[in-house]
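Data first, discussion second: the structure below is written as structure tokens.
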Ligand SMILES: [Zn+2]
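In our numbering, the protein residues as written are 6 to 313.
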């Protein structure tokens, strides 16, 4: 009887056993660049790239504690931890964890990184259920889209006075720059969040944008044989995001997929000696117009298919 009890307790509390029972889809095999380690580097000021070859993770260092944006793929968190250490920083000094959106390729590593750092996870309301439940909202049945569940410590709501404002002062209690501003840019996920960072570089005031995403990818936009829309209000959310961002003019546009802003090319120029290689004024405006057009085309296609 005693043995049975112990076995039951072990089964109930061991995440390893649960994982063994239902192994996750191996994205590292189908998308090897998502898991491939790459050297970390400074982008500009106190902003660093600590992700893998194919999935961006950003470290912003500050006297008040560091910020980490995104967690990459589950099971590959050690790459990020190693990169932070290689730059001379300590994962334990990361005080805030943010997530661009609750999809496994950007949120999968958050649980392990939260544990390694002891940081608080901040997320937008629309992504909380997916982060805490470990699923892709609207694709709850797809095991390959699952991620380790992670507890959100601070829910950001658009009605919060601090939401679309300076939410994290990177200088701790001391007033002044730099600071990080979260902006809700929903559609790709219900809580898709972008980040604006203001950096003074050689007496110039530079604005960095880490954009969430505005692609349609696996999202259902309308009711069809495939099911209801990904989530209620998804079409309005995309359109709201396109309207909101159309006049954004960042000096440096970055995203969670490196190919979206030409990381490889910029990094090569940086290695060749160009100090401000990541300045790419005008690229975001072109990008967002392309994404808006692609969204409207995908919507028309899905509507036509649903009406057949
Ligand atoms: Zn996504």
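Ideal Cβ positions, reconstructed from N, Cα and C, are used throughout, including at glycine.
- By the criterion of a C-beta distance shorter than 7 Å, residue 113 is surrounded in its chain by 76, 77, 78, 79, 152, 153, once the five residues flanking it on both sides are discounted.
- DSSP places residue 250 in the helix class (H, G or I) of the three-state scheme.
- Three or more pairs of CB atoms, one per stretch, sit closer than 8 Å, so the region 215 to 230 contacts the region 187 to 206.
- In summary, residue 228 is exposed, with fewer than 16 beta-carbon neighbours lying within 10 Å of its beta-carbon over all protein chains present.
- Using a Cβ distance threshold of 8 Å, residue 115 and residue 104 count as a contacting pair.
- Here DSSP, grouped into helix, strand and coil, assigns residue 283 to coil.
- Where residue 188 is concerned, the enclosing beta strand (DSSP E) starts and stops at 184 to 189.
- For residue 51, no beta strand (DSSP E) encloses it, and the DSSP letter there is neither H nor E.
- DSSP places residue 260 within a strand segment (E or B) once states are collapsed to three.
- Straight-line measurement puts the Cα of residue 63 at about 10 Å from the Cα of residue 89.
- DSSP places residue 124 outside both helix and strand once states are collapsed to three, so it counts as coil.
- For residue 193, the shortest C-beta to heavy atom distance toward ligand 1 is below 7 Å.
- Residue 300 and residue 251 do not touch by the CB rule: their CB atoms are close to 13 Å apart, not below 8 Å.
- Of all alpha-carbon atoms in 249, 187, 304, 164, the one lying nearest the alpha-carbon of residue 239 is that of 304.
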